[in-house]
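Colleague: Here it is, the structure, as structure tokens.
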Amino acid sequence: MTNHSSIKRDFKIIGKRLPRPDGIAKVTGEASYGADLHVSGMLHGCILRSPHAHARIMAIDVSDAIALTGVKAVVTSEDFETNLPAKFQDIADNCLARGKVLYDGHAVAAVAAVSKSIAKQALGLIQVEYEVLPHVTDVDAAMLDEAPVLHTGRAQETVPARYSENVTNYIEFGHGDLDAGFASADIVIERTYKTEAAHQGYIEPNACLGTLTPDGRGDLWVCTQGQYMVRENCCKILGLEIGKLRVTASEIGGGFGGKTTTFIEPTALALSRKAGKPVKLVLNREEVLRATGPTVSSSIDVKIGMTNEGRMTAGQAAVRYQGGAFPCGTAKFGAQAAFGCYDLPAVRTEGYGVTTNRPKEAHYRAPGAPPAVYAVESLIDELCLELGLDPLEVRLINAARKGTVASYGPTFNDIGLEAILQKVGEHPHYTAPIEANQARGLACGFWFNFGGDTSVSLSINADGTASVVEGNPDIGGSRASISMMAAEELGISYEKVRTTIADTGSLGFNNVTDGSRVTFAVGLATIKAARAAKAEMCARVAKIWGIDEDAVEWVDGCVKPSGPNAGEFPPMSLVEIAAVSSQTGGPIAGHHEVNVDGAGVGFGVHLADVEVDPETGATKIVRYTAFQDAGKAVHPDYVEGQMQGGAVQGIGWALNEEYVYGTDGKLQNAGFLDYRMPVAFDLPFIDTVILEIPNPGHPYGVRGVGETPIVPPLAAVSNAVSRAAGVRMRSLPMSPPKVLAAISKD
Amino acid sequence: MVRVKLWGSLRKFTNGAETVEIDAQNFKQLLDSLANQFPGLQAEIDRGVSMALDGVIYREAWFTPISPESEVVLMPYMEGG
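Chains as they are written, first to last, in the working numbering: chain A, 26 to 771; chain B, 265 to 345.
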């Protein structure tokens, strides 16, 4: 990592709340999303899905469907490559089932026809013969030896032998002497907590339009968090060369991790290859809920020892996550994050990844962290109540600081948790009066953040404007923040910079928009690209003046003579340098390609006031404040938006959102009428407090902010509801019937 | 030599050792030496791992230099949402 010891903190543009560059296009409907593209002669695709939770496919007969007038192609898993590396084979088998269907809604075949109605009609003509198998959808049941097994031979070498083959992943972290730690505690409590699967709930359903010619050249327009990832997955699954498929990301109506993989794109391309025409595939909401990836559901045991003064002496957690129909490693993040906020002398966490007859898990902001942190933060709250301690004080006593050995191994550097907790204590929310049936909950949260592969190209145009080309779909406002960093570095106004998102053929590789990486990593690469362009402009001016390159310097958007022997020259502005670029050597540009590291971990603390109606069990969020360290908030509106969005998604996960399965293994609530997400009238204004503790790994001190905000709310809300209801809730979501039942039982 | 801390479930491949000593000057050499010395780690390394070097997480950056006094922690491959 480059340690940016002289981190820039004095800014002209960074930190301002400037107009978003995509605002007008989005409010006027001009922006093009996944389903908005139409091309001449295109066909419409539809997907046939399994009516069973678990069944062997004995035969598929597509002859009647193909014979239907207007049908141009039908595909099954036979149209995909086989014997792929496990990661790609699982994606392929999830896109179109091979051998077995593994969950209700699993895709079996797809049709392309001249109209959507004909394609739908053709689905009814496909004959699939199934042998129905026993199914399992609960994580604890799936771990038992007698559970129906989805796959054989997929358990990793670390998995203990005592479990069903559904347990495919096992991981363990920790340090210190647990027995001694628990022995030195004044109180030790052990509890089990459960969370249900929640969907990312993006507004825009998955959609794409693909063309693939018989010679293996293709174009794909798709709503995704990563066009390069889509390209790689499609090429593996369809046996294509990477350079021959060009993928363009549309505007995106939300992803939140759910669009970091592929569900329909290889199918659209396979249909196009067979039909010889472009094929458009657009899912409806029922398909999104049944067959794209929600997050994991969980069952978690936590044990904590604490002294009467509130010092944690030991912590232990077993995190069991079901990740749906294919092996899922998300438990490793839960096991790492569970105690990530605390300085513990002894800690041990275990993570179990379990397959069940549910849709394949897809990542959701800070994947795996929210359930594990919910369990730990809930038990800390139970200990606070038991010992009569202030929950903020207990967090301050135990907070991870610089020099703390994290529960997952490394020693923390500069981190901001203690500062955030102090800010919480100073905030009026923490001491505001509370009314009858109301209570306040507090929870901390943590996420790692990372950088990853990043390419940026920056051009100085002849009129002094700048064009930045980057390769990450703009989900949370990155075009604004990238333009701001380019403008800051070049010393020109924000309005003079335009940032566009490249297709895969126009720029080097970029990792997916995930991991809270884009403002951090793409921002870093943009700054480096701008600095390269500035160096070139300095060289050009030195030539114009006939002096050495080291006798000029860049100051406030101009090149000036530097040093006693440089001579007297009037400064040349970027506009003046750009105007003579052709005469001085040709176009001026900078670019930077790097695997970025140094992201710096992110901490947040949330405060939730709730009111529980004792007659109905319904919970109302009365007041909510999110506190987070952003390193440097490049565009504070967007940072606040990330914090507010994460809080609201966490509130939904805590109170209402869940996948409800019947005893037949079928999803019972595949629509927004029955899958209850919070809407504006459910919520108060989500207040935010941004702290700026510089990240030494970024030239401006930036930290990623997108994922941490979904980590604390589950416990913050649960702790508040439990205190308001007078009974501890240990299972999410805390829907009104569940809360009412708990109150009545108590 | 650098001291590499391993996560708990990998220790069954290092005779229970939490920390192992490896001759390496960068991340790539560290991975190669780990797999050579402890073949049971090969499968995990092949699936992808990260490294925390003095508290900073690196993802498959082979040529990241490692000095003998650095804190080196092997971590699972980082992903996000």
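Glycine included, each C-beta is placed from N, C-alpha and C at the ideal position.
(1) For ASP129 (chain A), count the other beta carbons within 10 Å of its own beta carbon; 16 or more makes it buried, fewer makes it exposed. Which is it?
(2) If I'm right that GLY690 (chain A) touches ASN382 (chain A) with Cβ under 8 angstroms, what's the distance once you round it to whole angstroms?
(3) From the beta carbon of LYS292 (chain B), is the nearest beta carbon of chain A less than 9 angstroms away?
(4) At a Cβ threshold of 9 angstroms, is TYR433 (chain A) touching chain B?
(5) Less than 7 angstroms between C-beta atoms, sequence neighbours within five positions excluded: which residues of the same chain meet that for SER314 (chain B)?
(6) Just the C-alpha distance for ARG74 (chain A) and SER769 (chain A), rounded to the nearest angstrom, thanks.
(7) Whole angstroms is fine: what's the gap from ARG34 (chain A)'s alpha carbon to GLY548 (chain A)'s?
(8) Give me whichever residues DSSP pairs with PHE113 (chain A) in a beta bridge.
(9) With a threshold of 6 angstroms on Cβ separation, who are the neighbours of ILE91 (chain A) within its own chain once the five nearest residues in sequence on each side are excluded?
(10) Just how far apart, CA to CA, sit ASN119 (chain A) and ALA293 (chain A)?
(11) SER273 (chain B) touches chain A at which residues, Cβ-Cβ below 7 angstroms?
(12) Taking the beta carbon of LEU698 (chain A) as the centre, do at least 16 other beta carbons fall within 10 Å, making it buried, or is it exposed?
(13) Could you name the residues of chain B that THR285 (chain A) contacts, counting a contact when the two beta carbons are closer than 9 angstroms?
(14) Taking 9 angstroms as the CB-CB cut-off, is THR328 (chain B) touching chain A?
(15) Along the chain, where does the beta strand (DSSP E) that runs through HIS616 (chain A) open and close?
(16) Please list, in chain order, all residues of the same chain as ILE38 (chain A) whose beta carbon is under 6 angstroms from its beta carbon, the five residues on each side excluded.
(17) With distances taken between CB atoms, is the gap from GLY365 (chain A) to ALA468 (chain A) smaller than 9 angstroms?
(18) I want to see whether chain B comes within less than 9 angstroms of ASP622 (chain A), judged by CB atoms only; does it?
(19) Using a beta-carbon distance cut-off of less than 7 angstroms, what residues from the region 374–401 of chain A approach chain B?
(20) So which residues on chain A does ALA281 (chain B) lean against when the C-beta distance must stay under 8 angstroms?
(21) Can you give me the Cβ contacts of ASN423 (chain A) inside the same chain, cut-off strictly under 7 angstroms, excluding the 5 residues immediately before and after it?
(22) Relative to the C-alpha of GLY588 (chain A), which residue among A:ILE32, A:GLU574, A:GLU601, A:SER598 is closest?
(23) Under the three-state reduction of DSSP, which class applies to ALA431 (chain A): helix, strand or coil?
(24) For the 8 angstroms Cβ check, are there 3 or more pairs between the region 211–224 of chain A and the region 261–268 of chain A?
(25) Who are the neighbours of ARG853 (chain A) on chain B, taking C-beta pairs under 8 angstroms?
(26) Kindly list, in the order they appear in chain A, the residues whose Cβ is closer than 8 angstroms to that of ARG323 (chain B).
(27) Can you give, in chain order, each stretch of the beta strand (DSSP E) that sits fully within the region 111–176 of chain A and has at least 3 residues?
(28) Is PHE351 (chain A) buried or exposed, if buried means 16 or more other CB atoms sit within 10 Å of its CB?
(29) My guess is that GLY629 (chain A) and GLY729 (chain A) are in contact by the Cβ rule of under 8 angstroms, so how many angstroms apart are they, rounded?
(30) Can you check which of these residues, A:ASN744, A:GLY66, A:ILE49, is closest to CYS409 (chain A) by C-alpha distance?
(31) Output yes or no for whether 9 angstroms exceeds the beta carbon distance between PRO639 (chain A) and VAL673 (chain A).
(32) Hey, out of A:TRP472, A:ALA555, A:ALA695, whose CA is closest to THR733 (chain A)'s CA?
(33) With 9 angstroms as the C-beta to C-beta threshold (strictly closer), list the residues of the region 624–639 of chain A near chain B in chain order.
(34) Exposed or buried, which one is ASP287 (chain B) when buried takes at least 16 other CB atoms within 10 Å?
(35) In the DSSP assignment, what residue or residues form a beta bridge with ARG465 (chain A)?
(36) How many angstroms separate the CA atom of TRP21 (chain A) from the CA atom of CYS563 (chain A)?
Modeller: Walking through what the data contain:
(1) buried
(2) 5 angstroms
(3) no
(4) yes
(5) ILE321, TYR322, ARG323, MET339, PRO340, TYR341, MET342
(6) 42 angstroms
(7) 15 angstroms
(8) BP columns for PHE113 (chain A) are empty, so no partner.
(9) VAL99
(10) 14 angstroms
(11) THR183, TYR195, ILE196, GLU197
(12) exposed
(13) GLU343, GLY344, GLY345
(14) yes
(15) 613–621
(16) MET509, ALA512, GLU513, TYR519
(17) no
(18) yes
(19) HIS388, TYR389, ARG390, ALA391, PRO392
(20) Here the premise fails: no neighbours, minimum Cβ distance about 13 angstroms.
(21) ARG336, MET337, TYR367, ASP368
(22) A:GLU574
(23) coil
(24) no
(25) Since the first residue of chain A shown is 26 and the last is 771, residue 853 (chain A) is not available in this structure.
(26) PHE475, GLY476, GLY477, ASN620, ASP622
(27) 132–138, 152–157
(28) buried
(29) About 12 angstroms separates the two Cβ atoms, so there is no contact after all.
(30) A:ASN744
(31) no
(32) A:TRP472
(33) ALA624, GLY625, VAL626
(34) exposed
(35) A:ASP634
(36) This structure cannot settle anything about residue 21 (chain A), because the visible part of chain A is limited to 26 through 771.
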